[in-house]
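K.L.:
In our numbering, the protein residues as written are 617 to 829. Take this structure first; my questions come after.
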């Protein structure tokens, strides 16, 4: 079995969502400076890099990240590659043309977004590939329980009402954003998604592995 680490490393040079704090990793103590141990202070948003959105992100009564069902976060999944888009919006017909099995409940969508992570650019890319309201509704009707995307949001930048997030999270779906699927071939796999267990968290950075035979 081959294991793909699809987690984007957290670093001070990584892009962050506009308006959110940049990553800061500050040494508190340093062996080089004569201290007994290396210890760092980490400063970043709960939605930094590879992360999980909990329903509470857009619903004050929704599940928080510490209450997400591990059975949704771990198990069989499918990597679907969308590589022939007209523009940057994934339409219903794009999803329907992927022909992934009806039994799939965890879907990771691989697009050209994954290659944005190659140069670890500081600048946020505003024209990333995303879902729209209709394609999100199609995923809900299809019974998807976890959707993973390869940039920092599942929907377009500067949408007025966050309708896609609300539709997906409102259905109970877990949204995983910021994956790097550039090295992962399309097809069935096993998923291991482990967000930090932050009490009453709206989301959390996660270590995500994809395993294939």
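The beta-carbon is built from N, C-alpha and C at its ideal position, and this holds for glycine as well. Keep in mind it's a predicted model, so treat the numbers as computed, not measured.
Could you tell me the alpha carbon to alpha carbon distance between residue 683 and residue 819, rounded to whole angstroms?
P.N.:
Residue mapping note: residue 683 aligns to position 67 of the chain shown, counting from 1. Residue mapping note: residue 819 aligns to position 203 of the chain shown, counting from 1. Each residue's Cα considered, the two are about 11 Å apart.
K.L.:
Would you kindly check if the distance between the Cβ of residue 795 and the Cβ of residue 622 is under 9 Å?
P.N.:
Along the chain shown, read from residue 1 onward, the residue named residue 622 stands at position 6. Along the chain shown, read from residue 1 onward, the residue named residue 795 stands at position 179. Taking 9 Å as the Cβ cut-off, residue 622 and residue 795 qualify as a contacting pair.
K.L.:
Can you tell me which of the three DSSP states residue 726 falls into?
P.N.:
If you number the chain shown from 1, residue 726 lands on position 110. Note: residue 726 maps to strand in three-state DSSP.
K.L.:
Could you round the C-beta distance between residue 747 and residue 741 to whole angstroms and report it? I think they count as a contact, below 8 Å.
P.N.:
Along the chain shown, read from residue 1 onward, the residue named residue 747 stands at position 131. Along the chain shown, read from residue 1 onward, the residue named residue 741 stands at position 125. Rounded, the Cβ-Cβ distance is 16 Å, inconsistent with contact.
K.L.:
Roughly how many angstroms lie between the CA atoms of residue 655 and residue 640, to the nearest whole one?
P.N.:
By one-based count along the chain shown, residue 655 stands at place 39. By one-based count along the chain shown, residue 640 stands at place 24. So the two alpha carbons sit approximately 14 Å from each other.
K.L.:
Rounded to the nearest angstrom, what separates residue 781 and residue 653 at their Cα positions?
P.N.:
Position 165 of the chain shown, counting from 1, holds the residue named residue 781. Position 37 of the chain shown, counting from 1, holds the residue named residue 653. Their Cα atoms are separated by approximately 42 Å.
K.L.:
Tell me whether residue 677 sits in a helix, a strand or coil according to DSSP, three-state version.
P.N.:
In the chain shown, counting from the first residue as 1, residue 677 sits at position 61. It is coil, neither helix nor strand.
K.L.:
Between the segment 721-729 and the segment 694-703, do three or more beta carbon pairs fall short of 8 Å?
P.N.:
yes
K.L.:
Would you report the Cα separation of residue 752 and residue 618, rounded to the nearest angstrom?
P.N.:
Counted from its first residue, the chain shown places residue 752 at position 136. Counted from its first residue, the chain shown places residue 618 at position 2. Their Cα atoms are separated by approximately 30 Å.
K.L.:
Does residue 689 get closer than 9 Å to chain C when you measure Cβ to Cβ?
P.N.:
Protein chains in the displayed structure number just one, and chain C is not present.
K.L.:
Tell me which residue opens and which closes the alpha helix (DSSP H) that residue 751 is part of.
P.N.:
If you number the chain shown from 1, residue 751 lands on position 135. Unbroken alpha helix (DSSP H) run through residue 751: 749-758.
K.L.:
Within the same chain, show all residues whose beta-carbon is closer than 6 Å to that of residue 743, passing over the 5 residues directly before and after it, in chain order.
P.N.:
Stepping through the chain shown from its first residue, residue 743 is reached at position 127. Closer than 6 Å at the Cβ level, and outside the excluded window around residue 743, lie 704.
K.L.:
State yes or no: is the C-beta of residue 745 within less than 9 Å of the C-beta of residue 701?
P.N.:
To locate residue 745, count along the chain shown from 1; it is residue 129. To locate residue 701, count along the chain shown from 1; it is residue 85. Yes.
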